[in-house]
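Enquirer:
Chains as they are written, first to last, in this note's numbering: chain A, 1 to 152; chain B, 1001 to 1423.
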């Protein structure tokens, strides 16, 4: 633990709350609340980064991959409540898919981190690019939510 | 097909957006790195998913079956392209069981037709639509879902199972066509009837030579011809008393189907009258085609609540003929049907009542009051039976305590002694 003791203890408490929250969300079965515990864990990570103030954290891709796998496993457990039983070997294929997703997330995050390291740019341009990316992500959510209905 | 995003779309977008905003606010690029896989997954999943074209049809090996028998079926799934995951839900009626297969299942489909074998079983008689399906296809990333319901009717008719029955009740009057019933009137037949003097036109083989020798004049044998009869089955559809998987209407329809089949086998003409909330009738007819018509009409029998009193005059005379034997199947619960029976008897119809005993499906109420009420109810039913029998109507009881055979035996005994009493 590189952060100060205060941040470390707070981080542990928040992580515990996130775990309990995730268990509750899965027990009750509310898919819309699945991201919340993972946002809490992400917040703890971000707080540690700010507290450490290291130039660049090489563990970021592993953290990203772990987050992707965790989110996908959470959604999988909610999918199983559907009652539509799959064919023999479905669970194995799904596990392989989740593992592959984790590996792909690790690679993508590693490439992005390498690019960031290479560029190391700061300033208004980077801020604008980041804001635009965040806005695009939110726009995608809004468009998709409004785009429900008969296709074609 | 209806297209919508799954909960993953909102979840991934929320994680990506919050991470990017946090990266901006905290000026830490690692937080943006965490958002990258989610954003890429979102972009790839929503951009490259194409609407699947699925054709699904349920085909039955037969559209007619007996209640309780298995029917092989095949669900043919024909996707235009490969589908990562297709969920199929069969919306079967309550009385149709799935013996082999699952009501809800999922599978991965390649771009080729795939049959899914199923085995269905109808727990009771009736007409069932088994063709309703719900399909749900998801893409590989499970971000997009396409849903569609198929409502093309696939009708499966389950015929009522026949009760064991050895003998039926004979009508008092016969008709003009050949059949299995020995007529009272003399004519050409097998059963010996009487002797009479020879008349021009009589056959030589019918001469009774012993009687001729005794009387010193030509005497011929008279015989009873075999004729058919007209039978009208009267079904009480005012009320259905049910408990669990037993119901008086089920027993009524099974008994009606059994009687109709047996009488048609004797070359009798059989008609049907459904007397209840909906008045429906089928003119008497003969043969296998009439059997199917009768069974198909019985399959439509159901209880339609009504407060209307119906007059027997509403039934056409060509359906309810004067010489027909009328066999009424009823639990003797609704007073309108009982009044109609007494009306028929007063009009001198040859009437028989098969009481569909409801005592097995009517449970006593709680406590001593409930037990006493049940005893009073059973006594009232005895009084009603006595009243009908005093009016000359034979009443046989069919239920848990007595089979249809035994019920008809009781009716035959009553009619035998009642006939002698009249003579």
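Glycine included, C-beta positions come from ideal geometry on N, C-alpha and C.
Contact check, residue 1177 of chain B vs residue 1228 of chain B under 8 Å by CB: the rounded distance?
Expert: Counting from 1 along the second chain, the entry for residue 1177 of chain B is found at position 177. Counting from 1 along the second chain, the entry for residue 1228 of chain B is found at position 228. Right, the Cβ-Cβ distance comes to about 5 Å (below 8 Å), so this counts as a contact.
Enquirer: By the DSSP assignment, the beta strand (DSSP E) with residue 1222 of chain B in it spans what residues?
Expert: Walking along the second chain from the start, residue 1222 of chain B turns up at place 222. Taken as a continuous stretch (DSSP letters only), the beta strand (DSSP E) holding residue 1222 of chain B covers 1219-1224.
Enquirer: Going by the beta-carbon positions, is the gap between residue 1158 of chain B and residue 1125 of chain B smaller than 8 Å?
Expert: By one-based count along the second chain, residue 1158 of chain B stands at place 158. By one-based count along the second chain, residue 1125 of chain B stands at place 125. The answer is yes: Cβ separation under 8 Å.
Enquirer: Smallest Cα separation from residue 1239 of chain B: which of B/1231, B/1232, B/1233, B/1251?
Expert: Counting from one through the second chain, the residue named residue 1239 of chain B turns up at place 239. Answer by Cα proximity: B/1251.
Enquirer: Who are the near neighbours of residue 1009 of chain B in its chain, counting only those whose CB is closer than 6 Å to its CB and skipping five residues on each side?
Expert: Translated into the one-based positions of the second chain, residue 1009 of chain B becomes position 9. Taken in chain order, the residues that qualify are 1143.
Enquirer: Going by DSSP in three states, residue 1141 of chain B sits in which element: helix, strand or coil?
Expert: As a first step, residue 1141 of chain B must be located in the second chain, where it is residue number 141. It is coil, neither helix nor strand.
Enquirer: Report the residues of the stretch 27-59 of chain A with a CB closer than 8 Å to any CB of chain B, ordered along the chain.
Expert: So the close ones are 31, 32, 34, 35, 38, 39, 42, 43, 45, 46, 49, 50, 56, 57.
Enquirer: Within the continuous beta strand (DSSP E) that includes residue 1077 of chain B, where are the two ends?
Expert: As a first step, residue 1077 of chain B must be located in the second chain, where it is residue number 77. It spans 1070-1079 - the beta strand (DSSP E) in which residue 1077 of chain B sits, taken as one unbroken run.
Enquirer: If you run the structure through DSSP and keep just helix, strand and coil, what is residue 1407 of chain B?
Expert: Translated into positions along the second chain, residue 1407 of chain B becomes position 407. Residue 1407 of chain B: helix per DSSP, three-state reduction.
Enquirer: Could you tell me if residue 1190 of chain B is buried or exposed, where buried requires 16 or more neighbouring beta carbons within 10 angstroms of its beta carbon?
Expert: Reading the second chain from its first residue, position 190 is the one you call residue 1190 of chain B. Under this definition residue 1190 of chain B is an exposed residue.
Enquirer: Do residue 1246 of chain B and residue 1360 of chain B have their C-beta atoms within less than 8 Å of each other?
Expert: Walking along the second chain from the start, residue 1246 of chain B turns up at place 246. Walking along the second chain from the start, residue 1360 of chain B turns up at place 360. Yes, the Cβ-Cβ distance between residue 1246 of chain B and residue 1360 of chain B is below 8 Å.
Enquirer: Which of the three DSSP states is assigned to residue 1313 of chain B in this structure?
Expert: Residue 1313 of chain B sits at position 313 when you count from the first residue of the second chain. Of the three classes helix, strand and coil, the one that applies to residue 1313 of chain B here is helix, per DSSP.
Enquirer: Check residue 1281 of chain B in the structure and name its three-state DSSP category.
Expert: Numbered from its first residue, the second chain carries residue 1281 of chain B at position 281. Strand at residue 1281 of chain B.
Enquirer: Measure the C-alpha to C-alpha separation of residue 1274 of chain B and residue 1306 of chain B and round it to an integer number of angstroms.
Expert: Within the second chain, residue 1274 of chain B is the residue found at index 274, counting from 1. Within the second chain, residue 1306 of chain B is the residue found at index 306, counting from 1. C-alpha separation (whole angstroms): 14 Å.
Enquirer: Measure from the alpha carbon of residue 52 of chain A to the alpha carbon of each residue in A/66, A/5, A/32, then state which is nearest.
Expert: Counting from 1 along the first chain, the entry for residue 52 of chain A is found at position 52. Nearest C-alpha to residue 52 of chain A: A/5.
Enquirer: With distances taken Cα to Cα, identify the nearest neighbour of residue 1413 of chain B among B/1400, B/1404, B/1394, B/1399.
Expert: Along the second chain, one-based indexing puts residue 1413 of chain B at 413. It is B/1394 whose Cα lies nearest to the Cα of residue 1413 of chain B.
Enquirer: Measuring alpha carbon to alpha carbon, tell me which of B/1082, B/1244, B/1258 ends up nearest residue 1052 of chain B.
Expert: For the purposes of this step, residue 1052 of chain B is taken as the residue at position 52 of the second chain. With distances taken between Cα atoms, residue 1052 of chain B lies closest to B/1082.
Enquirer: Note down the Cα distance separating residue 1066 of chain B from residue 1356 of chain B, rounded to an integer number of angstroms.
Expert: By 1-based counting over the second chain, the position of residue 1066 of chain B is 66. By 1-based counting over the second chain, the position of residue 1356 of chain B is 356. Computed Cα separation, rounded: 22 Å.
Enquirer: Check distances from the C-beta atoms of the stretch 1101-1116 of chain B to those of chain A and list, in chain order, the residues that come in under 8 Å.
Expert: So the list reads 1102, 1104, 1105, 1106, 1107, 1108, given in the order they occur along the chain.
Enquirer: Looking only at DSSP bridge pairs, what is residue 1197 of chain B linked to?
Expert: In the second chain, the residue the question calls residue 1197 of chain B occupies position 197. Paired residues: B/1219.
Enquirer: Could you pull the start and end residues of the alpha helix (DSSP H) that residue 14 of chain A belongs to?
Expert: In the first chain, residue 14 of chain A corresponds to position 14, counting from 1. Note, residue 14 of chain A: alpha helix (DSSP H), 5-28.
Enquirer: Output the distance between the C-alpha atoms of residue 1404 of chain B and residue 76 of chain A, rounded to the nearest integer angstrom.
Expert: Taking the first residue of the second chain as position 1, residue 1404 of chain B is located at position 404. Taking the first residue of the first chain as position 1, residue 76 of chain A is located at position 76. Cα to Cα, the separation comes out at about 57 Å.
Enquirer: Would you give the residue range spanned by the beta strand (DSSP E) that residue 1349 of chain B belongs to?
Expert: Counted from its first residue, the second chain places residue 1349 of chain B at position 349. From DSSP, residue 1349 of chain B is part of no beta strand (DSSP E); its letter is neither H nor E.
Enquirer: Taking 8 Å as the threshold (beta carbon to beta carbon), is residue 21 of chain A in contact with chain B?
Expert: In the first chain, counting from the first residue as 1, residue 21 of chain A sits at position 21. No, no contact with chain B.
Enquirer: Kindly list, in the order they appear in chain B, the residues whose Cβ is closer than 7 Å to that of residue 67 of chain A.
Expert: As a first step, residue 67 of chain A must be located in the first chain, where it is residue number 67. Those are 1034, listed as they occur along chain B.
Enquirer: Which whole-angstrom value describes the C-beta separation of residue 1260 of chain B and residue 1294 of chain B, a residue pair presumed to lie in contact below a C-beta threshold of 8 Å?
Expert: On the second chain, position 260 is the one that residue 1260 of chain B refers to. On the second chain, position 294 is the one that residue 1294 of chain B refers to. Contact flag correct, Cβ pair sits at about 5 Å.
Enquirer: Looking only at C-alpha atoms, which of B/1281, B/1231, B/1236 sits nearest to residue 1266 of chain B?
Expert: Working through the second chain from its first residue, we reach residue 1266 of chain B at position 266. The shortest C-alpha separation from residue 1266 of chain B is found at B/1231.
Enquirer: Going straight from the alpha carbon of residue 149 of chain A to that of residue 1135 of chain B, what length do you get?
Expert: The residue you call residue 149 of chain A lines up with position 149 of the first chain. The residue you call residue 1135 of chain B lines up with position 135 of the second chain. Low per-residue confidence applies at residue 149 of chain A: pLDDT is 43, beneath 50, and the placement is therefore not dependable, though the value from the model is reported in the following sentence. Approximately 15 Å, taken between the alpha carbons.
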